[in-house]
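FYI, our numbering numbers position 97 of the sequence shown as 136, with every residue one higher than the one before it.
Where a beta carbon is used, it is the ideal one built from N, C-alpha and C, also for glycine.
In what follows, a single structure is set out as structure tokens and then discussed.
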Amino acid sequence: MIVVYRPTGRERMEWYQKTASQAFSFNDAVYVTSSGFVSPAAAASNVPILGLCYRAVKSTDTDYAQNTRIPVFIPDKDTVFLADVGAGTVTQEDVDEFVDSFSASAIDETASTYQSWHIVDIVSATQALVKLAVKGGAAQGRT
Numbered sequence: 040m041i042v043v044y045r046p047t048g049r050e051r052m053e054w055y056q057k058t059a060s061q062a063f064s065f066n067d068a069v070y071v072t073s074s075g076f077v078s079p080a081a082a083a084s085n086v087p088i089l090g091l092c093y094r095a096v097k098s099t100d101t102d103y104a105q106n107t108r109i110p111v112f113i114p115d116k117d118t119v120f121l122a123d124v125g126a127g128t129v130t131q132e133d134v135d136e137f138v139d140s141f142s143a144s145a146i147d148e149t150a151s152t153y154q155s156w157h158i159v160d161i162v163s164a165t166q167a168l169v170k171l172a173v174k175g176g177a178a179q180g181r182t
């Protein structure tokens, strides 16, 4: 799970068309596909993360197979998230490191190819405080 931990007050909610026939969990990290629809961020993908999905979409939903709009939480470049660690364990040495996504709902402490997340503090071996990585371009231009 990835949740907002320390907002800055400069975040906003925007509505994006979702990818049809795609399940979303509340708080999934999402990105904009080449078709212009939002989709959950996959593990180890080189896509700029847009924000967090603020609506669960299940295969039983009436609009599951449609490109309806869903709310997306758009963070500020300084918004801090609490993130589960899907692979590896975080230690104090990981602070200020850049890591990949493990899934749409966790980070991967063992991979840093795409550097989607910036670790800013450690909560436990399985949870970290992170920001969207400006280094990888995901949060560039955000105010």
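Does DSSP put residue i in a helix, a strand or coil?
i, result
"Gln166", "strand"
"Gln154", "coil"
"Glu132", "helix"
"Ala143", "coil"
"Tyr103", "coil"
"Ile161", "strand"
"Pro87", "coil"
Can you tell me whether residue i is buried or exposed? The criterion is at least 16 other CB atoms within 10 Å of its CB, across all chains shown.
i, result
"Gly175", "The predicted position of Gly175 is uncertain, since its pLDDT is 43 and thus under 50; no value can be drawn from it."
"Val20", "Nothing can be reported for residue 20: it is not among the residues displayed for the chain, which extend from 40 to 182."
"Asp147", "buried"
"Thr149", "exposed"
"Asp67", "buried"
"Thr58", "buried"
"Phe65", "exposed"
"Ser73", "exposed"
"Val119", "buried"
"Lys170", "buried"
"Ser98", "exposed"
"Trp156", "buried"
Quick one: what's got a C-beta closer than 6 Å to residue i's C-beta in the same chain, skipping five residues either side?
i, result
"Glu136", "Ile158"
Excluding five sequence neighbours on each side, which residues of the same chain lie with their C-beta closer than 7 Å to the C-beta of residue i?
i, result
"Ala164", "Thr128, Val129"
"Ser60", "Tyr103, Ala104"
"Ala62", "Val96, Lys97, Ser98"
Going by beta carbon distance, what residues of the same chain come within less than 8 Å of residue i, once the five residues before and after it are set aside?
i, result
"Met52", "Tyr93, Pro110, Val111, Phe112, Ile113"
"Gln131", "Ile161"
"Asp133", "Glu148, Ile158, Ile161, Ala167"
"Thr107", "Gln56, Lys57"
Going by DSSP, which residues form a beta bridge with residue i?
i, result
"Ser45", "The sequence given here places Arg at residue 45; Ser does not occur at that position. Paired residues: Val119."
"Gln56", "Arg108"
"Arg51", "Ile113"
Check: How do the stretch 81 to 98 and the stretch 133 to 150 stand: do at least 3 beta-carbon pairs fall below 8 Å, yes or no?
Finding: Output reads yes: the stretch 133 to 150 touches the stretch 81 to 98.
Check: Using 8 Å as the Cβ pair cut-off and three pairs as the minimum, do the stretch 48 to 62 and the stretch 113 to 129 touch?
Finding: With the rule of 3 Cβ pairs closer than 8 Å, the stretch 48 to 62 counts as touching the stretch 113 to 129.
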